[in-house]
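Single-structure report; data block below.
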Amino acid sequence: MKLLVIEDDRETAAYLVKGLSESGYTVDHSADGRDGLFLATSGSHDAIILDRMLPGMDGLALLGALRAAQIRTPALILSALGSVDDRVKGLRSGGDDYLVKPFAFSELLARIEALLRRGVPEPTTTRLRVADLELDLLTRSVKRGDKTIDLLPREFQLLEYLMRNAGHVVTRTMLLENVWDYHFDPQTNVIDVHVSRLRQKIDKQFERPLLHTVRGAGYCLRAAD
Amino acid sequence: MTDLRSSIVAEKLLASAPPRPPLAGLVNAARRLVRTHAFRLAGLYFAVFVLSVLGVLFFVYWTSADFVERQTETTLDAEITGLAEQYAQRGLSGLVQIVAARSAGDRGDGMLYLVANQDGRPLAGNISGWPAGAPTGAGSLSFQIEVPVKGREETHPARGKLFVIPDGYRLLVGRDISDAAAFRDRVKTTLVWSGLLALALGLVGGTVMSRNMLRRVEEVNRTAERVIAGNLSDRVPRLGTSDEFDQLAANLNGMLDQIERLMAGMREVTDNVAHDLKTPLARLRARLELALLGPADAPAQADAIRAAIEEADRLLATFNALLSIAEAEAGARHEPTEAFDLAEIARAVVELYEPVAEEKSFAMRLESTPGMLIRGDRHLLSQAVANLLDNALKYGAPIAGGGEIVIAVSRQDGHAVLEVRDRGPGIPEAERDTVFDRFVRLEPSRSTPGNGLGLSLVRAVAHRHRATVTLAENRPGLKVRLEFPEAPALAE
Numbered sequence: 035m036k037l038l039v040i041e042d043d044r045e046t047a048a049y050l051v052k053g054l055s056e057s058g059y060t061v062d063h064s065a066d067g068r069d070g071l072f073l074a075t076s077g078s079h080d081a082i083i084l085d086r087m088l089p090g091m092d093g094l095a096l097l098g099a100l101r102a103a104q105i106r107t108p109a110l111i112l113s114a115l116g117s118v119d120d121r122v123k124g125l126r127s128g129g130d131d132y133l134v135k136p137f138a139f140s141e142l143l144a145r146i147e148a149l150l151r152r153g154v155p156e157p158t159t160t161r162l163r164v165a166d167l168e169l170d171l172l173t174r175s176v177k178r179g180d181k182t183i184d185l186l187p188r189e190f191q192l193l194e195y196l197m198r199n200a201g202h203v204v205t206r207t208m209l210l211e212n213v214w215d216y217h218f219d220p221q222t223n224v225i226d227v228h229v230s231r232l233r234q235k236i237d238k239q240f241e242r243p244l245l246h247t248v249r250g251a252g253y254c255l256r257a258a259d
Numbered sequence: 032m033t034d035l036r037s038s039i040v041a042e043k044l045l046a047s048a049p050p051r052p053p054l055a056g057l058v059n060a061a062r063r064l065v066r067t068h069a070f071r072l073a074g075l076y077f078a079v080f081v082l083s084v085l086g087v088l089f090f091v092y093w094t095s096a097d098f099v100e101r102q103t104e105t106t107l108d109a110e111i112t113g114l115a116e117q118y119a120q121r122g123l124s125g126l127v128q129i130v131a132a133r134s135a136g137d138r139g140d141g142m143l144y145l146v147a148n149q150d151g152r153p154l155a156g157n158i159s160g161w162p163a164g165a166p167t168g169a170g171s172l173s174f175q176i177e178v179p180v181k182g183r184e185e186t187h188p189a190r191g192k193l194f195v196i197p198d199g200y201r202l203l204v205g206r207d208i209s210d211a212a213a214f215r216d217r218v219k220t221t222l223v224w225s226g227l228l229a230l231a232l233g234l235v236g237g238t239v240m241s242r243n244m245l246r247r248v249e250e251v252n253r254t255a256e257r258v259i260a261g262n263l264s265d266r267v268p269r270l271g272t273s274d275e276f277d278q279l280a281a282n283l284n285g286m287l288d289q290i291e292r293l294m295a296g297m298r299e300v301t302d303n304v305a306h307d308l309k310t311p312l313a314r315l316r317a318r319l320e321l322a323l324l325g326p327a328d329a330p331a332q333a334d335a336i337r338a339a340i341e342e343a344d345r346l347l348a349t350f351n352a353l354l355s356i357a358e359a360e361a362g363a364r365h366e367p368t369e370a371f372d373l374a375e376i377a378r379a380v381v382e383l384y385e386p387v388a389e390e391k392s393f394a395m396r397l398e399s400t401p402g403m404l405i406r407g408d409r410h411l412l413s414q415a416v417a418n419l420l421d422n423a424l425k426y427g428a429p430i431a432g433g434g435e436i437v438i439a440v441s442r443q444d445g446h447a448v449l450e451v452r453d454r455g456p457g458i459p460e461a462e463r464d465t466v467f468d469r470f471v472r473l474e475p476s477r478s479t480p481g482n483g484l485g486l487s488l489v490r491a492v493a494h495r496h497r498a499t500v501t502l503a504e505n506r507p508g509l510k511v512r513l514e515f516p517e518a519p520a521l522a523e
């Protein structure tokens with residue numbers, strides 16, 4: 035997997051390149067908007083991580099130019115501007131995800147993985163399955179083994195998101211944004227309580243737990259270690 | 032800094048400038064005066080005043096002195112016409128007779144008559160001879176006559192009209208106008224003096240008026256300069272006259288009060304930010320330093336680093352909360368236009384917090400009327416409601432345990448109202464205002480996690496939605512009430 039990092043701050047760039055390389059990605063880096071656009075137009079990258087404020091060319095303008103050139107490489111915008119308006123502007127100009135600085139590296143990693151999965155067209159399915167856990171999108175029912183599990187609507191949405199990202203880490207912020215559509219961090223860790231409730235329902239009476247907590251990062255739904 | 036520097040430069044400039052001659056100073060002062068609005072206003076006032084005084088004087092002159100003269104002309108015309116008729120009826124001899132009769136004795140009306148032949152020899156009348164320089168044809172003339180007054184001959188001005196009789200004789204009808212002339216002179220003198228007096232008064236009045244105005248404007252200017260120089264507690268003096276200047280002074284003072292209050296608030300926030308951000312930063316630094324000093328024991332160091340990251344995350348959360356508040360406060364610039372159901376917002380947030388409430392064994396209940404449409408920012412409002420629930424869950428537990436939280440959305444007097452009620456210890460009345468300030472936490476030990484920014488955000492969001500937020504007694508417990516303005520969106 036090849037990533038393009040367009041970031042002018044030297045330290046942040048070094049941190050990103052180092053972290054992403056260690057996580058197994060091939061990383062190209064550009065410190066300038068124009069050069070970044072040139073690299074991005076080659077179309078050989080699987081995802082682009084770009085800063086919003088760049089010398090040479092503004093990050094949003096870069097994205098606009100890229101999308102106008104029919105290049106659909108998924109892009110994640112990094113920015114210190116975090117208001118809802120800023121987010122909306124970023125996503126409208128062609129960004130696929132928006133991460134506010136400063137961020138935890140695990141958060142960035144989880145989001146890049148999600149972006150890369152989004153690039154792969156999902157087979158149109160009405161059933162999601164992880165090990166013996168099965169979720170039917172049409173009947174909105176959940177079964178584990180032979181046992182039917184009753185979920186509240188929000189729990190169903192939460193499980194659906196986790197199952198769609200099965201095997202990958204999803205962060206609390208990702209859950210809050212994608213399941214609840216909230217863009218603020220509640221002072222109490224409400225997400226943890228929701229997840230542990232869900233865990234009660236899908237894992238408690240079963241031998242092998244599926245929903246795992248990833249320390250310092252978030253959660254992961256996976257079949258086996 | 033900049034002010035100080037520029038004022039030093041200005042002083043140097045002043046010091047190095049050559050001493051100016053006093054006349055130049057005077058000219059400069061005059062030039063400055065001319066440039067003032069007050070002076071121009073006074074000038075205009077003076078001009079209008081002069082013009083109206085001149086108009087009035089002219090009118091007085093025209094209706095008095097001029098009137099007498101015009102009356103003389105009319106009398107003369109009537110007399111001539113009368114005598115011409117007599118001549119036409121009774122011929123020259125008849126005319127001579129009438130003139131002689133009219134001239135006999137002093138009738139006191141100052142009328143003068145003379146009938147003369149071609150050579151100017153008088154035939155009848157009370158004038159001794161044909162006046163020198165009188166025209167030979169018909170028309171008006173001014174002449175002088177000798178009149179005996181108390182035994183002395185006096186020269187009086189007279190006004191006359193000529194009538195030429197066909198046979199070559201001439202008739203002169205005149206009138207002694209010495210009284211009229213004297214009257215006219217007196218009127219003239221009076222008018223000139225009163226005009227001069229009026230001009231003097233106008234000049235004085237204009238000057239006083241402009242100086243008065245200038246002084247009051249100057250007072251405002253001087254106060255403004257002192258405020259700019261840093262003395263924010265200075266105020267424009269008021270005379271209590273409640274005129275425009277007094278109102279201006281009152282408004283300026285009100286503005287200064289507001290600025291001073293905001294400045295004080297800012298200073299407090301800065302102090303609090305300094306305290307509440309510096310403390311965790313110091314802790315973070317100490318933690319990292321200790322990790323560095325200790326033995327190079329990998330697990331211990333990893334623990335220290337993890338703790339440091341947690342500390343940093345808490346700091347970031349505080350920063351984000353501050354930024355959210357700033358965003359909500361600055362949000363007034365774009366009008367909230369999205370319409371949504373307040374009950375729906377409350378329902379979603381309650382659902383988010385429901386498991387937490389259950390875990391903490393609170394009974395949480397939502398009492399809502401659906402369709403409470405309001406306009407605003409959905410995200411900010413959700414965050415505000417979340418903060419209220421967060422607070423209720425943290426502080427709303429009665430000592431006996433088993434708390435109860437009610438979230439109520441209702442319409443009251445046409446207003447959409449959201450209330451969050453708990454059964455906790457509540458907030459003493461004296462402290463109900465201060466809890467909205469940034470970083471204020473009533474719990475002195477600060478053992479509960481939190482940054483003291485929750486209610487600040489609630490207030491900022493409320494203000495942005497033109498809502499009022501009040502804290503009240505819930506007997507027992509606390510009732511937080513958000514009251515939104517009447518929603519015109521309901522009609523749409």
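Order-wise, the sequence lines are chains D and L. Number 94 in our numbering belongs to position 60 of the first sequence; there are no gaps in the numbering. Number 374 in our numbering belongs to position 343 of the second sequence; there are no gaps in the numbering. Every residue, glycine too, gets a C-beta built ideally from N, C-alpha and C.
Checklist entry - Name the chain D residues that come within less than 9 Å of glutamate 481 of chain L, Cβ to Cβ? => result By 1-based counting over the second sequence, the position of residue 481 of chain L is 450. Residue 481 of chain L is actually glycine in this sequence, not glutamate. What glycine 481 of chain L touches in chain D: Gln221.
Next on the checklist: Taking 6 Å as the limit between beta carbons, can you name the residues of its chain near glycine 124 of chain D, skipping five residues before and five after?
Outcome noted: Counted from its first residue, the first sequence places residue 124 of chain D at position 90. For glycine 124 of chain D, where only same-chain residues beyond five positions count, the Cβ hits under 6 Å are Ile111, Tyr132.
Checklist entry - Can you find a CB in chain D that lies within less than 8 Å of the CB of alanine 2 of chain L? => result Outside the shown range of chain L (32 to 523) lies residue 2 of chain L, about which nothing can therefore be said.
Item to check | histidine 306 of chain L, buried or exposed, once every other Cβ within 10 Å from all chains shown has been counted against 16 | outcome: The residue you call residue 306 of chain L lines up with position 275 of the second sequence. Histidine 306 of chain L comes out exposed.
Checklist entry - Among the residues of its own chain, which have a CB less than 8 Å from the CB of arginine 364 of chain L, if the five just before and after it don't count? => result Within the second sequence, residue 364 of chain L is the residue found at index 333, counting from 1. Residue placement at arginine 364 of chain L is poorly supported in this model, since its pLDDT is 48, which falls under 50; the coordinates still yield a value, given next. Closer than 8 Å at the Cβ level, and outside the excluded window around arginine 364 of chain L, lies no residue.
Next on the checklist: Counting only beta-carbon separations shorter than 8 Å, does arginine 364 of chain L have a partner in chain D?
Outcome noted: If you number the second sequence from 1, residue 364 of chain L lands on position 333. Any reading at arginine 364 of chain L must be qualified, since the residue scores a pLDDT of 48, below 50, and its modelled position is unreliable; the value itself is stated next. So no, arginine 364 of chain L is outside the interface.
Checklist entry - Using the beta-carbon of each residue, which ones in chain D are nearer than 9 Å to glutamine 414 of chain L? => result As a first step, residue 414 of chain L must be located in the second sequence, where it is residue number 383. In chain order: Tyr216, His217, Phe218, Pro220.
Checklist entry - Would you say histidine 164 of chain D reaches chain L, if we count a Cβ-Cβ gap shorter than 8 Å as a contact? => result Taking the first residue of the first sequence as position 1, residue 164 of chain D is located at position 130. Inspection of the sequence shows that residue 164 of chain D is occupied by valine rather than by histidine. So no, valine 164 of chain D is outside the interface.
Checklist entry - Can you tell me whether DSSP reads methionine 294 of chain L as helix, strand or coil? => result Position 263 of the second sequence, counted from the first residue, corresponds to residue 294 of chain L. The answer is helix: DSSP assigns methionine 294 of chain L an H, G or I state.
Next on the checklist: Just verifying my parser: in three-state terms, what is the DSSP assignment at leucine 52 of chain D?
Outcome noted: In the first sequence, the residue the question calls residue 52 of chain D occupies position 18. The sequence as given places lysine at residue 52 of chain D; leucine does not occur at that position. Here lysine 52 of chain D sits in helix by DSSP.
Checklist entry - Shorter than 8 Å from the beta carbon of histidine 228 of chain D to some beta carbon of chain L? => result For the purposes of this step, residue 228 of chain D is taken as the residue at position 194 of the first sequence. Closer than 8 Å: yes.
Item to check | Contacting positions in the segment 109 to 132 of chain D - beta carbon closer than 9 Å to chain L | outcome: Gly116, Ser117, Val118, Asp119
Next on the checklist: In the DSSP output, what is histidine 446 of chain L paired with across the bridge?
Outcome noted: On the second sequence, position 415 is the one that residue 446 of chain L refers to. Its beta-bridge partners are L:Gln443.
Checklist entry - Hey, would you say leucine 509 of chain L sits closer than 8 Å to glycine 455 of chain L, going by beta carbons? => result Position 478 of the second sequence holds residue 509 of chain L. Position 424 of the second sequence holds residue 455 of chain L. For leucine 509 of chain L and glycine 455 of chain L, yes; Cβs fall inside 8 Å.
Item to check | Helix, strand or coil at tyrosine 200 of chain L according to DSSP, with G and I counted as helix | outcome: Stepping through the second sequence from its first residue, residue 200 of chain L is reached at position 169. Note: tyrosine 200 of chain L maps to coil in three-state DSSP.
Item to check | Close-in-space but distant-in-sequence residues of the same chain around lysine 36 of chain D (CB under 6 Å, 5 per side omitted) | outcome: In the first sequence, residue 36 of chain D corresponds to position 2, counting from 1. Answer for lysine 36 of chain D: Thr60, His79, Asp80, listed in chain order.
Checklist entry - So with Cβ pairs under 8 Å, would you call aspartate 453 of chain L a contact of chain D? => result Taking the first residue of the second sequence as 1, we reach residue 453 of chain L at position 422. It does not; no Cβ of chain D falls within 8 Å.
Checklist entry - If you count every other CB in all the chains shown that lies within 10 Å of the CB of histidine 68 of chain L, and 16 or more means buried, which is it? => result To locate residue 68 of chain L, count along the second sequence from 1; it is residue 37. The residue is exposed, with fewer than 16 neighbouring Cβ atoms inside 10 Å.
Checklist entry - Out of D:Ile183, D:Thr158, D:Thr160, D:Thr159, which has the shortest C-alpha to C-alpha gap to leucine 167 of chain D? => result Translated into the one-based positions of the first sequence, residue 167 of chain D becomes position 133. That would be D:Ile183, whose Cα lies nearest to the Cα of leucine 167 of chain D.
Checklist entry - Closer than 8 Å, Cβ to any Cβ of chain D: which residues of the segment 344 to 363 of chain L, in chain order? => result Asp344, Leu347, Ala348, Asn351, Leu354, Ser355, Glu358
Item to check | the segment 396 to 430 of chain L: positions lying closer than 7 Å to chain D by Cβ | outcome: His410, Ser413, Gln414, Ala417, Asp421, Leu424
Item to check | Beta-carbon proximity of leucine 193 of chain D to leucine 232 of chain D, cut-off 8 Å | outcome: Locating residue 193 of chain D in the first sequence gives position 159, where the first residue counts as 1. Locating residue 232 of chain D in the first sequence gives position 198, where the first residue counts as 1. For leucine 193 of chain D and leucine 232 of chain D, yes; Cβs fall inside 8 Å.
Checklist entry - By the criterion of Cβ-Cβ separation under 8 Å, what are the contact partners of glutamate 390 of chain L in chain D? => result As a position in the second sequence, residue 390 of chain L is number 359, starting the count at 1. Residues of chain D passing the Cβ test: Val227.
Next on the checklist: Does chain D have any CB closer than 8 Å to the CB of valine 387 of chain L?
Outcome noted: Position 356 of the second sequence holds residue 387 of chain L. Yes, its Cβ sits closer than 8 Å to a Cβ of chain D.
Checklist entry - Roughly how far, in whole angstroms, is the beta-carbon of arginine 463 of chain L from the beta-carbon of methionine 403 of chain L, given that I think they are within contact range, below 8 Å? => result Position 432 of the second sequence, counting from 1, holds the residue named residue 463 of chain L. Position 372 of the second sequence, counting from 1, holds the residue named residue 403 of chain L. Not really, about 25 Å apart at Cβ, beyond 8 Å.
Next on the checklist: Between L:Arg378, L:Pro459, L:Asp421, L:Leu54, which has its C-alpha nearest phenylalanine 19 of chain L's C-alpha?
Outcome noted: The requested residue 19 of chain L is not part of the displayed model; chain L covers only 32 to 523.
Checklist entry - In whole angstroms, what separates the C-alpha of alanine 503 of chain L from that of leucine 96 of chain D? => result Position 472 of the second sequence, counting from 1, holds the residue named residue 503 of chain L. Position 62 of the first sequence, counting from 1, holds the residue named residue 96 of chain D. For alanine 503 of chain L and leucine 96 of chain D, the distance between alpha carbons rounds to 52 Å.
Next on the checklist: Strictly under 8 Å for the Cβ-Cβ distance: is glycine 433 of chain L near chain D by that measure?
Outcome noted: As a first step, residue 433 of chain L must be located in the second sequence, where it is residue number 402. Chain D, which has no Cβ nearer than 8 Å to the Cβ of glycine 433 of chain L, makes this no.
Item to check | Whole-angstrom C-beta distance between aspartate 85 of chain D and aspartate 73 of chain D, which should lie under 8 Å | outcome: Here residue 73 of chain D refers to the residue found at position 39 when the first sequence is read from its first residue. Here residue 85 of chain D refers to the residue found at position 51 when the first sequence is read from its first residue. Looking at the sequence shown, residue 73 of chain D is not aspartate but leucine. No, leucine 73 of chain D and aspartate 85 of chain D are not in contact; Cβ-Cβ is about 14 Å, not under 8 Å.
Next on the checklist: With a threshold of 8 Å, are at least 3 pairs of Cβ atoms found where one atom belongs to the segment 198 to 216 of chain L and the other to the segment 54 to 74 of chain L?
Outcome noted: no
Checklist entry - Quick one: what does DSSP say lysine 36 of chain D is sitting in, helix, strand or coil? => result By 1-based counting over the first sequence, the position of residue 36 of chain D is 2. If DSSP states are grouped into helix, strand and coil, lysine 36 of chain D belongs with the strands.
Checklist entry - From L:Gly160, L:His494, L:Val146, L:Phe350, pick the residue whose C-alpha is nearest to that of arginine 406 of chain L; which is it? => result Reading the second sequence from its first residue, position 375 is the one you call residue 406 of chain L. With distances taken between Cα atoms, arginine 406 of chain L lies closest to L:His494.
Next on the checklist: Suppose the cutoff is 8 Å on Cβ atoms and the five residues either side in sequence are ignored; what does the same chain contact list for glycine 457 of chain L look like?
Outcome noted: Numbered from 1 along the second sequence, position 426 holds the residue referred to as residue 457 of chain L. Same-chain partners within the cutoff: Glu504, Asn505, Pro507, Gly508, Leu509.
Checklist entry - Excluding sequence positions up to five away, which residues of its chain have a Cβ less than 6 Å from the Cβ of valine 213 of chain D? => result Here residue 213 of chain D is taken as the residue at index 179 of the first sequence, counted from 1. Cβ within range, chain order: Gln191, Leu192, Tyr195.
Item to check | chain L contacts made by the segment 245 to 256 of chain D, where a contact means CB separation under 8 Å | outcome: Gly250
Checklist entry - Is leucine 244 of chain D helix, strand or coil by DSSP? => result Counting from one through the first sequence, the residue named residue 244 of chain D turns up at place 210. Coil at leucine 244 of chain D, not helix or strand.
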